[in-house]
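K.L.:
The working numbering numbers the first residue of the sequence shown as 265 and each following residue consecutively.
This is the structure I have questions about; it appears just below.
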Amino acid sequence: MTNYKAITFFDLDGTLLDGNSKITPEIAAAIQALKDNDILPVIATGRTEMEIRQIMRDAGITSAATMNGSCISVEGEEIYSVRFSKEECQKMRDHIEEQGHALCFYNRDNIWSTHHTETMRKAYGFIHSDVPPIDPSAFQDHPINMLLILSESGDEYYHEHFPELTFYRNSPYSIDTVKKGISKGAGVKRLKETLNLENIPTFGFGDGPNDFALLQACDHKIAMGNAYDELKEIATFITKKNTEGGIVHALKHFDLI
């Protein structure tokens, strides 16, 4: 393992990716420059690793804190994974059905849905991904790291009925659902502790509601120009929009490339 000089944590949609959810040649070149400078690039996302493997290949990134920190891998090796119990999955499925919503089950390699809805199609279209296959009982036979509620409302209902879980509305159509204490920020801390890298600087890049914990956990907090206003308020640096070269601009600002 390299003697890293710093760690950079990148959100994907609205941050590292362009308007079509792709890695541009400029971003790929910047990531290579980071690695040449002994800086570890890490993706920090609500998505699972299966969804982002092509993105990781295009970017040249081999480390990720996925499903909002529920699973962490470094240079391709899994170093952390937290799972829902079958009982927790069943309870959520029961409530989803009562509310007329849909649910998806996530692990590192797969996604399954209870059924397909128009809201689900909107949610996956929002990130330019395919709707997952239907298997409402997938949690019975597979480990589950994250749940995704497909709804355009009802947030308060789930907060009230599941105080033991944490919810991140990641789009107008879906809510990331993880175990209490799980966040991108907790993933930052866990990665640093596991690799014994507590004393090197960290840089967090984000734009959305589930990036608050990420930025708060990093020494340098970079909000994209297109970020939520509330995220900009806690940032130590506001860069350009993701579609205007914001990542490269910030990396050069901090002399990382």
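Heads up, the beta-carbon is just placed ideally off N, CA and C, and yes, glycines get one too.
Exposed or buried, what is G340 when buried is set at 16 or more other beta-carbons lying within 10 Å of its beta-carbon?
P.N.:
Residue 340 sits at position 76 when you count from the first residue of the sequence shown. Label assigned to G340: exposed.
K.L.:
Rounded to whole angstroms, what's the CA-CA distance from T441 to N267? Just pull it up for me.
P.N.:
The residue you call residue 441 lines up with position 177 of the sequence shown. The residue you call residue 267 lines up with position 3 of the sequence shown. If you take the alpha carbons of T441 and N267, they lie about 35 Å apart.
K.L.:
By how many angstroms is the C-alpha of P436 removed from the C-alpha of D419?
P.N.:
By one-based count along the sequence shown, residue 419 stands at place 155. By one-based count along the sequence shown, residue 436 stands at place 172. Going by the C-alpha atoms only, they are around 11 Å apart.
K.L.:
When you compare only the Cα positions, how much space is there between H513 and L298?
P.N.:
Looking up residue 513 in the sequence shown gives position 249. Looking up residue 298 in the sequence shown gives position 34. Answer to the nearest angstrom: the Cα atoms are 13 Å apart.
K.L.:
Just to confirm before moving on: does the CB-CB distance between I464 and L479 stay below 8 Å?
P.N.:
Counting from 1 along the sequence shown, the entry for residue 464 is found at position 200. Counting from 1 along the sequence shown, the entry for residue 479 is found at position 215. It is not a contact, given that the beta carbons lie outside the stated cut-off.
K.L.:
Only counting the same chain, and skipping five residues up and downstream in sequence, which positions put a Cβ closer than 7 Å to that of H425?
P.N.:
As a position in the sequence shown, residue 425 is number 161, starting the count at 1. So the list reads H359, once near-sequence residues are dropped.
K.L.:
If distances are taken between C-alpha atoms only, which option among H406, F369 and R433 comes closest to S417?
P.N.:
Counted from its first residue, the sequence shown places residue 417 at position 153. When each option's Cα is compared against that of S417, the closest is R433.
K.L.:
Rounded to the nearest angstrom, what separates I486 and N474 at their Cα positions?
P.N.:
In the sequence shown, residue 486 corresponds to position 222, counting from 1. In the sequence shown, residue 474 corresponds to position 210, counting from 1. Computed Cα separation, rounded: 14 Å.
K.L.:
Spatial neighbours of P400 within its chain, please: C-beta separation below 6 Å, excluding the five flanking residues on both sides.
P.N.:
Your numbering for residue 400 matches position 136 in the sequence shown. T378.
K.L.:
How would you call H517, buried or exposed, if buried means at least 16 neighbouring beta carbons within 10 angstroms?
P.N.:
What you label residue 517 is simply residue 253 of the sequence shown in a count that begins at 1. By the neighbour-count rule (16 or more Cβ atoms within 10 Å), H517 is not buried but exposed.
K.L.:
Checking 8 Å against the spacing of the C-beta atoms, do M314 and R372 come in under that value?
P.N.:
Within the sequence shown, the letter at position 50 stands for residue 314. Within the sequence shown, the letter at position 108 stands for residue 372. Contact flag set, yes.
K.L.:
Could you give the distance in angstroms between the alpha-carbon of N506 and the alpha-carbon of D302?
P.N.:
If you number the sequence shown from 1, residue 506 lands on position 242. If you number the sequence shown from 1, residue 302 lands on position 38. Near 24 Å, if we compare the C-alpha coordinates of D302 and N506.
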